[in-house]
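Residue numbers (this note's numbering), protein chains in the order written: chain Y, 2 to 387; chain U, 2 to 387.
Idealized CB from N, CA, C, for every residue including glycine.
Number of protein chains: 2
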Amino acid sequence: MLVKMEKRAMQPPAREGFYLDEIDTPALVVDLDAMEVNLDLMARKARSANVRLRPHAKMHKSPWIGREQISRGAIGVCCQKVSEAEVMVTGGIKDILISNQVVGTVKLDRLAILNREAKVAVCIDHADAVGEISASAKRADVVINTLVEIDVGAGRCGTKSPKKTLELAQAIANEPTLKFGGIQAYHGAAQHFRAHDERQAAIMNAIAITNESVSILASAGLDCDTVGGAGTGTFEFEAASHVYNELQCGSYAFMDADYARNKQKDGTPYNTFHHALFILTTVMSRPDKTTAVVDAGHKAASVDSGFPRPWHLPGAQIQGMSDDHGVIDITRVIDKPARGQKLLLVPGHCDPTVNLHDWYVGVRGLHGMNGFVEAIHPVAARGAYF
Amino acid sequence: MLVKMEKRAMQPPAREGFYLDEIDTPALVVDLDAMEVNLDLMARKARSANVRLRPHAKMHKSPWIGREQISRGAIGVCCQKVSEAEVMVTGGIKDILISNQVVGTVKLDRLAILNREAKVAVCIDHADAVGEISASAKRADVVINTLVEIDVGAGRCGTKSPKKTLELAQAIANEPTLKFGGIQAYHGAAQHFRAHDERQAAIMNAIAITNESVSILASAGLDCDTVGGAGTGTFEFEAASHVYNELQCGSYAFMDADYARNKQKDGTPYNTFHHALFILTTVMSRPDKTTAVVDAGHKAASVDSGFPRPWHLPGAQIQGMSDDHGVIDITRVIDKPARGQKLLLVPGHCDPTVNLHDWYVGVRGLHGMNGFVEAIHPVAARGAYF
Chain Y
2 MLVKMEKRAM
12 QPPAREGFYL
22 DEIDTPALVV
32 DLDAMEVNLD
42 LMARKARSAN
52 VRLRPHAKMH
62 KSPWIGREQI
72 SRGAIGVCCQ
82 KVSEAEVMVT
92 GGIKDILISN
102 QVVGTVKLDR
112 LAILNREAKV
122 AVCIDHADAV
132 GEISASAKRA
142 DVVINTLVEI
152 DVGAGRCGTK
162 SPKKTLELAQ
172 AIANEPTLKF
182 GGIQAYHGAA
192 QHFRAHDERQ
202 AAIMNAIAIT
212 NESVSILASA
222 GLDCDTVGGA
232 GTGTFEFEAA
242 SHVYNELQCG
252 SYAFMDADYA
262 RNKQKDGTPY
272 NTFHHALFIL
282 TTVMSRPDKT
292 TAVVDAGHKA
302 ASVDSGFPRP
312 WHLPGAQIQG
322 MSDDHGVIDI
332 TRVIDKPARG
342 QKLLLVPGHC
352 DPTVNLHDWY
362 VGVRGLHGMN
372 GFVEAIHPVA
382 ARGAYF
Chain U
2 MLVKMEKRAM
12 QPPAREGFYL
22 DEIDTPALVV
32 DLDAMEVNLD
42 LMARKARSAN
52 VRLRPHAKMH
62 KSPWIGREQI
72 SRGAIGVCCQ
82 KVSEAEVMVT
92 GGIKDILISN
102 QVVGTVKLDR
112 LAILNREAKV
122 AVCIDHADAV
132 GEISASAKRA
142 DVVINTLVEI
152 DVGAGRCGTK
162 SPKKTLELAQ
172 AIANEPTLKF
182 GGIQAYHGAA
192 QHFRAHDERQ
202 AAIMNAIAIT
212 NESVSILASA
222 GLDCDTVGGA
232 GTGTFEFEAA
242 SHVYNELQCG
252 SYAFMDADYA
262 RNKQKDGTPY
272 NTFHHALFIL
282 TTVMSRPDKT
292 TAVVDAGHKA
302 ASVDSGFPRP
312 WHLPGAQIQG
322 MSDDHGVIDI
332 TRVIDKPARG
342 QKLLLVPGHC
352 DPTVNLHDWY
362 VGVRGLHGMN
372 GFVEAIHPVA
382 ARGAYF
């Protein structure tokens, strides 16, 4: 018996006007004040370095936040998937770079059709992609801005030599339905190197590789409109490079616990941005004096970059998580949380944590455990994997 | 500018009748033949041990699979959250145990109202819960079946002593709107102890603790209708205990890579059940001779219990994942996958991986890389955290 049911999103855990304590748990809470400070600060930093800002929407998955970034000067957003770009375009964002390879006719045809109503550029790192993308562009009667992704040390996708980069750029330039758009040069791994000098060394190397490619392309008469890369962990190096002209930082809007483990030049924790994303959770059991069990586990918080960190609860540490439980060691906590009490957790990694939730609960005036719900927003591109 | 958008689920990545190779990626694929073998086998094992089977729906989140289990003799399902139970009831399942604490009036009132159309039992481990649940039951004019959760070694929720268990059971029995339903005694941690003897020792201890509680309750005139627990890693011990009368296994339906790391008594890998859940993914880059990058990362596969395992690709190993990328070391692979080729991955942990997807793609005749789509089903309780 295979009865079908429509897939429906869950109801939001709160309504506008609720106090923090009235929000059902577990919930994905945004500290709107902190987020806005983060958005303003990054916009200012990009402007003063004279580089463009194209924040990565794979992090927030939300046209709402994308629009907030654009209203502060961002030129558009990055996406990682065509379906993410579709959600952004529907949400009013008209300048997008898919900072990734897109493989397969179904996806490429959607990318091409999307280019009828927005600028949606894409990256390649293989010669076959040129013919594939141009065929889709022809079918949709559009011109697709296409960048070459180069590997600047991350060891993921991207060309491994300037020669290969030049070949691909020339192949793009030779296709009437493609436009050569520049270079994608993101060093993902370097974002999370803990020591300042290690991050700096990795990005100095990335800048050198990128600079060599840009120069070789220029000698062949191919100008790079976009030389893009950088993340929240390293962007100040790329911004000062005079080689990169577009920053693609994402996490700065929310600042997760993992980025807070990075160290600044003086050895102190990285604190340029404020934590603005939280999991609101309820203590559902106090089985003994040293343990509090909360109602948020793997389903509410991704642990790929470590456990979430209890917020404003000095001494508390998550000691284990299962699918629907988080077990917090409160041995060293002075004001031990009671059963029924609500706690905030700072996610270990914001991107995959956001991806677990259907709704953002935007809270204004969140200091300690106060604040009220100003707005509910869908995590519109949650599950946009295609 | 805070423009609202409705939260919509993504479109399914396939249609009925598609061949495996036509499914868009990344997709959550169920090998229907393997799943049905697993469901049949567990039903037979429970029957022959003369214990009831109440599989855990927190794993599959799907009334479709719940009904398949019930049609094979399961008496109902377990859930971990009220919102999961709501989805199951909507999907036609009328006998549910929430094997967890439920804290907060909003949730308890929903639990009570749900009891008007289905039997939905709940667990407690704190005296305050008795008054809270009975108040909601009174408001909804229902009687709620209530079990006491005891800690049998997992160190999560649950009472720590038979004395406490007896106190709670008596308090439940004294409430006119509650019915004492028995004991919840699940040892989650033991499921993943690698050695057979280690799992056995842990469960023998759990059985002893449970048996003591059941006896003390019986002496006080309190019979346990349900003595429930057990998971896919240990259920044969609980089934043979003559203490437990209800098995709550979940993962057996899909069998993930982590359970395959358990060892049987003879030291061979645990293989009672077949892998029936996969992430179908596409190679989107072959940056060098030893690396294949696929389009499935943290958003498509949870890594809380390790990376997914490439399927039918001997020698391949995932060496890193980021949000939308999986980097596979193919140095030792003889038939190296080409760019554009589709690969299956066995998830490290099925529960949180299922939770990432909106749709199951049910494939019939999946052997190697063949098969066709027989049915698409929503992951109906995805995101049911409340």
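Item: Grouping DSSP H, G and I as helix and E and B as strand, with all else coil, what is D1(U)?; Value: Outside the displayed span of chain U (2 to 387) sits residue 1(U), for which this structure offers no information.
Item: Please classify H378(Y): does DSSP put it in a helix, a strand, or coil?; Value: strand
Item: Using a beta-carbon distance below 8 angstroms, is F19(U) in contact with chain Y?; Value: no
Item: Excluding the 5 residues preceding and the 5 following L3(Y) in the sequence, name in chain order all residues of the same chain whose CB lies nearer than 8 angstroms to its CB.; Value: Confidence is the limiting factor: at L3(Y) the pLDDT is only 39, short of 50, which leaves the residue's position unreliable, though a coordinate-based value still follows. Once the five neighbours on either side are set aside, L3(Y) has no close Cβ partner at all.
Item: Is the CB of N101(U) under 8 angstroms away from at least one CB in chain Y?; Value: yes
Item: Quick one: which chain Y residues come within Cβ less than 8 angstroms of P163(U)?; Value: Near P163(U) there are no residues of chain Y at all, since even the closest Cβ is about 15 angstroms away, more than 8 angstroms.
Item: CB-CB under 7 angstroms to G307(U), same chain, minus the five flanking residues each way: which ones, in chain order?; Value: A258, D259, G349
Item: Short of 6 angstroms in beta carbon distance, which residues of its chain neighbour A190(U), apart from the five on each side in sequence? Order them along the chain.; Value: A155
Item: Report the neighbours of S323(Y) on chain U: residues whose CB is nearer than 8 angstroms to its CB, in chain order.; Value: R157, G189
Item: Does the beta-carbon of E17(U) have 16 or more other beta-carbons within 10 angstroms, so that it is buried, or is it exposed?; Value: exposed
Item: Apart from the five residues on each side of it in sequence, which residues of its chain come closer than 6 angstroms, Cβ to Cβ, to K405(Y)?; Value: The requested residue 405(Y) is not part of the displayed model; chain Y covers only 2 to 387.
Item: Taking any Cβ of chain Y, which residues in the region 93 to 125 of chain U have a Cβ under 9 angstroms from it, in chain order?; Value: G93, N101, Q102, V103, V104, G105, V107, K108
Item: From T91(Y) to T178(Y), what does the alpha carbon distance come to, in whole angstroms?; Value: 24 angstroms
Item: Is there a Cβ of chain Y sitting closer than 8 angstroms to that of L345(U), yes or no?; Value: no
Item: Cα separation between A28(U) and Y361(U)?; Value: 8 angstroms
Item: P177(U) versus chain Y: which residues are under 8 angstroms apart at the beta carbon?; Value: Ordered by position in chain Y, no residue passes the 8 angstroms Cβ test against P177(U), which lies about 24 angstroms from the chain.
Item: Along chain Y, which residues have their Cβ under 7 angstroms away from the Cβ of P27(U)?; Value: Y386
Item: Between the Cα of G93(Y) and the Cα atoms of I66(Y), L112(Y), G105(Y), which residue gives the shortest distance?; Value: I66(Y)
Item: Ignoring anything shorter than 3 residues, give me the beta strand (DSSP E) runs that lie fully in the region 95 to 171 of chain U, in order along the chain.; Value: 96 to 102, 120 to 125, 145 to 150
Item: Once you ignore the five residues that flank V88(U) on each side, which residues in its own chain have a CB closer than 8 angstroms to its CB?; Value: K62, P64, A381, A382, A385
Item: List the endpoints of the continuous alpha helix (DSSP H) containing A191(U).; Value: Neither: A191(U) is in no alpha helix (DSSP H) and is coded neither H nor E.
Item: Should M256(U) be flagged as near chain Y, meaning a C-beta pair shorter than 8 angstroms?; Value: no
Item: Put W360(Y) into one of helix, strand or coil per three-state DSSP.; Value: strand
Item: Out of curiosity, what's the CA-to-CA distance linking D96(U) and A119(Y)?; Value: 50 angstroms
Item: Let me see if you follow: with CB-CB separation under 8 angstroms, is L278(Y) close to chain U or not?; Value: no
Item: Starting from the N-terminal side, write out each stretch of the beta strand (DSSP E) that is 3 residues or longer and does not extend beyond the region 255 to 315 of chain U.; Value: 278 to 289, 292 to 295
Item: With a CB to CB cut of under 6 angstroms and the five nearest residues on each side skipped, what residues in its chain are close to K5(Y)?; Value: Only weak support is given to the placement of K5(Y): the predicted model assigns it a pLDDT of 48, under 50, and the question is left unresolved by the model.
Item: At the level of alpha carbons, what is the spacing between P379(Y) and K300(Y)?; Value: 17 angstroms
Item: Grouping DSSP H, G and I as helix and E and B as strand, with all else coil, what is H61(U)?; Value: helix
Item: Compare the C-beta of V294(U) against all C-beta atoms of chain Y and say whether one is closer than 8 angstroms.; Value: yes
Item: Report the neighbours of K59(Y) on chain U: residues whose CB is nearer than 9 angstroms to its CB, in chain order.; Value: K300, D324, D325
Item: What whole-angstrom Cβ distance do A240(U) and K46(U) have, given they're in contact under 8 angstroms?; Value: 7 angstroms
Item: Mapping the DSSP letters down to three states, classify Y253(Y) as helix, strand or coil.; Value: helix
Item: In whole angstroms, what is the alpha-carbon distance linking D436(U) and T211(U)?; Value: Any property of residue 436(U) remains undetermined from this structure, which presents chain U solely from 2 to 387.
Item: Check whether the region 130 to 140 of chain U touches the region 110 to 118 of chain U, taking contact to mean three or more Cβ pairs, one atom from each stretch, closer than 8 angstroms.; Value: yes
Item: If you follow the alpha helix (DSSP H) that V215(Y) is part of, which residue opens it and which one closes it?; Value: 197 to 220
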